[in-house]
Amino acid sequence: MFTARMVSGASLLLFCLTMFGPLAPLQAMQMKGDAPERYVVKRGDTLWDIASVYLEEAWQWPQIWALNTDIANPHLIYPGDEIFLVMIDGQPRLRLQRGERVDPGVVKRVPSIRRTNAGVAIPALGLDQIEAWLAKVKIVNAADFDRLPYILAGIDGKTLLKTGDQFYVKGALAAGMSSFKIYQPGQRYVDPITGALIGLEAQEVGRARLLSEQEGLAILKITNVTEEVTPGDRLMIAEGLDLDATLFPQPPKSAVSGQIIGLRSDGTIAAAHSVVTIDLGLTDGLAVGDLLAVARPGDVVKDPVTGKAVTLPDQTVGQLLVYQTLDQMAYALVLKATAAVKIGFLAQSP
């Protein structure tokens, strides 16, 4: 699963983007016409929600956020805090004033200096509803997957294993570990241009606990299953997908352009909160937390006057948050979609 700090409300560093160095050229910041002069942070808010109240493009939040040095940990926002829209050097900025929690559910505004708040800071994005689902599937290097230890056979000869069954594992398990996830291979992804294999999808189907090791084999017991577990399934250590709650979506450091090559949904289209696979990765400079625009490629039409083929402009239809990367591919979550998202759509710097 994701680490608890991803969505549980652990400390949120709103201005962490200042630590990442120069970004790709940014679009001009656009304030919403109905942006309020004052906003009180509520339970259930996320930083993305608040940014969307003030900005046409929420990812431009760091351009408007003004640190208040009179407040301890001004990067953190808590329920009950107040955000004010002010002008600094002729530019709109947001300032923070702390609220003080006097008892559960009651927040009092106070003007004191360097007061801390005992509550829980809001997360960057509200992904708790899909956290468990996102952690069930991961992308891996195909060669690495083929080298993982695998289920050899059930102890009693079973070929379909369920909770409580014991089985033999062949291959070297991670030293010092006792809990493992069981995976089956899924879709193989190829580069849409070269046809080269760039990654493999691995689906978690169960979990198991190490009982003993003898004569080069290990014996494990299944503690939970979500799908059929069979000989040949692979084992990985039971670790979470570490997407840090401190990461606020940001454009890639350099301009990138690729396309969607897979959908983690039933059917041929994806919508908000769906997962897509893109043909961009670490070698392209992509990183976890990067924000990409989704664009529908412009159609090629025939000019009715000249008879020549004309390519229409691409149309932006959504935004993606990169949450897992390999060298040449990545998983991304659809944060926003104004139209159906399909395989072949562009994934590029906003």
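Residue numbers for the sequence shown follow this note's numbering, so the first one is 1059 and each next one is one higher.
We put the beta carbon where it would ideally sit given N, CA and C, even for glycine.
A straight-line Cα-Cα distance of about 36 Å links P1362 and L1321.
Membership of Y1208 in the beta strand (DSSP E) is indicated by the continuous run Y1208 to G1212. Bounds of the alpha helix (DSSP H) holding Y1112 are L1105 to Y1112. W1119 places its beta carbon less than 8 Å from that of L1113. For I1122, the enclosing alpha helix (DSSP H) covers residues W1119 to I1122. In its chain, beyond the 5 residues on either side, K1090, A1093, P1094 and Y1097 have a beta carbon closer than 8 Å to the beta carbon of V1111. Look at D1202 here: in three-state DSSP terms it is helix. Judged by beta-carbon spacing, P1408 lies within the 8 Å limit of L1349, meaning their Cβ atoms are closer than that value. Taking C-beta separations shorter than 6 Å and ignoring five residues to either side along the sequence, the partners of S1270 in its chain run I1277, following chain order. Closest option to G1402, judged by alpha-carbon separation, among Q1382, F1238 and T1326: T1326.
In chain order, A1367 place their CB closer than 7 Å to the CB of K1360, counting only its own chain and leaving out the 5 sequence neighbours on each side. Between the segment 1215-1235 and the segment 1249-1256 there are fewer than three inter-stretch CB-CB distances shorter than 8 Å, so the stretches are not counted as touching. DSSP places M1235 outside any beta strand (DSSP E), giving it a letter other than H or E.
Residue nearest to M1087 within the set I1280, W1117, I1240 and N1282 is W1117 (criterion: CA-CA distance). For V1283, the uninterrupted beta strand (DSSP E) run begins and ends at L1275 to V1283, by DSSP.
In the DSSP assignment, Q1149 forms a beta bridge with I1146.
Here the alpha carbons of I1122 and P1150 stand approximately 7 Å from one another. Burial check for G1157: the Cβ neighbour count within 10 Å reaches 16 or more, so the residue is buried. Looking only at L1206, K1279 and V1195, the smallest Cα-Cα distance to T1335 is reached by V1195. The Cβ atoms of L1143 and L1134 lie no closer than 8 Å to each other. Contact annotation: A1296 and K1239 have beta-carbon atoms nearer than 8 Å. In this structure, the beta-carbon distance from Y1136 to I1108 does not fall below 8 Å.
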